[in-house]
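Okay, structure first, notes after.
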Amino acid sequence: MEVELRNMIANVGFPIAVSIFLLIRIENKLSTLSESINGLSKIIESAAQKR
């Protein structure tokens, strides 16, 4: 039982760790992208008001 549990953690642990790492990176990228889109929206609004 102990060997099976250890093997299961070894086999499943790495993919879980990689998934968490990728989710954290994607979350940071999405946050930056969202800020950029909000900034562009403000620029477009101010340009439209100047016309």
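All letters in the sequence shown, in the order written, are residues 0 to 50 by numbering that gives the first Met the number 0.
For glycine and all other residues, C-beta sits at the position ideal for the given N, C-alpha and C.
Between the alpha carbons of residue 5 and residue 14 lies a distance of about 15 Å.
Non-local beta-carbon contacts of residue 46 in its own chain, meaning distances under 6 Å to residues more than five positions away in sequence, are absent. Within its own chain, no residue has a Cβ closer than 7 Å to the Cβ of residue 35 once the five positions on either side in sequence are excluded.
In the structure shown, residue 50 falls within a coil segment according to DSSP collapsed to helix, strand and coil.
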